[in-house]
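A.B. asks: Numbering (the working numbering), first residue to last: 80 to 262.
Cβ atoms here follow ideal geometry from the backbone N, Cα and C, with glycine treated the same way.
Computed from a predicted model, the values in this text were never measured in an experiment.
Mind having a look at this structure? Questions to follow.
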């Protein structure tokens with residue numbers, strides 16, 4: 080786990096790169112889109128997850144979201160989201176454990192937002208063939224929203240498209256710019 084220290088004031092975060100998640104939930108539906116492009120670039124197989132806690136004056140936003148990307152020479156990019164029930168297993172030791180009740184899973188409304196943002200973002204960049212599966216997720220009972228899941232989705236996809244994922248300062252810069260553009 081990488082503790083994100085330079086993503087802005089009133090913002091906390093953690094990033095996982097190729098680390099197994101201990102967040103397990105039962106999927107009740109898989110949402111999916113497919114994209115076909117004329118030209119492909121090639122991404123390396125990777126697992127990415129991000130946890131964000133954004134404290135604003137009157138509200139807070141929490142998200143834990145991650146995916147696994149697997150390269151496959153299939154002539155398309157598939158994006159899948161494993162959605163879940165709203166009241167999944169309670170997750171301990173999160174950035175907001177003392178302020179909110181965090182549940183494992185990606186509820187349907189957040190899953191739909193993930194696909195919408197992924198479709199919009201990936202339509203405008205060079206992509207790799209293969210499959211992105213969003214299968215890591217947790218949300219605050221009161222402190223999560225479609226907007227924060229959308230922001231986390233775009234951040235993760237920007238990180239996927241970055242060439243040097245070992246440069247933590249660069250990754251923090253990508254996250255900082257995205258958070259300060261969207262919020």
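On a Cα-Cα basis, can you pick out the residue from 133, 146 and 207 that is closest to residue 257?
C.D. replies: When each option's Cα is compared against that of residue 257, the closest is 133.
A.B. asks: Are three or more beta carbon pairs between the segment 227 to 246 and the segment 188 to 197 nearer than 8 Å?
C.D. replies: Short answer: they touch.
A.B. asks: Between which two residues does the beta strand (DSSP E) harbouring residue 201 extend?
C.D. replies: Premise fails: residue 201 lies in the alpha helix (DSSP H), 187 to 201, not in any beta strand (DSSP E).
A.B. asks: Compare the C-alpha of residue 151 against each of 123, 185, 178 and 161 and name the closest.
C.D. replies: Minimum Cα distance to residue 151 is reached at 123.
A.B. asks: Leaving aside the five residues before and after residue 240 along the sequence, list all residues of the same chain whose C-beta is less than 7 Å from its C-beta, in chain order.
C.D. replies: Same-chain partners within the cutoff: 204.
A.B. asks: From the DSSP secondary-structure annotation, give me the bridge partner or partners of residue 210.
C.D. replies: Residue 210 pairs with 149 and 157.
A.B. asks: With DSSP as the reference, identify every bridge partner of residue 114, one or two as the case may be.
C.D. replies: Note: residue 114 sits in a beta bridge opposite 156.
A.B. asks: Buried or exposed: where does residue 103 fall if 16 or more other Cβ atoms within 10 Å of its Cβ makes it buried?
C.D. replies: Exposed, by the Cβ-count rule.
A.B. asks: Smallest Cα separation from residue 187: which of 201, 213 and 177?
C.D. replies: Among 201, 213 and 177, the Cα nearest to that of residue 187 belongs to 213.
A.B. asks: Can you grab the Cα-Cα spacing for the pair residue 226 / residue 192, in whole Å?
C.D. replies: Rounded to the nearest angstrom, the two C-alpha atoms are 8 Å apart.
A.B. asks: So the alpha helix (DSSP H) residue 235 belongs to, where does it begin and stop?
C.D. replies: Start and end: 225 to 240.
A.B. asks: Which residues in the same chain have their Cβ closer than 6 Å to the Cβ of residue 108, if we skip the five residues on either side of it in sequence?
C.D. replies: The answer, listed in chain order, is 162.
A.B. asks: With 16 as the cutoff for other CB atoms within 10 Å, does residue 88 come out buried or exposed?
C.D. replies: By the neighbour-count rule (16 or more Cβ atoms within 10 Å), residue 88 is not buried but exposed.
A.B. asks: Where does the unbroken beta strand (DSSP E) through residue 127 begin, and where does it stop?
C.D. replies: Counting along the chain, the beta strand (DSSP E) containing residue 127 begins and ends at 125 to 134.
A.B. asks: Three-state secondary structure (DSSP) at residue 181?
C.D. replies: Correct three-state label for residue 181: strand.
A.B. asks: Hey, would you say residue 156 sits closer than 8 Å to residue 114, going by beta carbons?
C.D. replies: Contact: yes.
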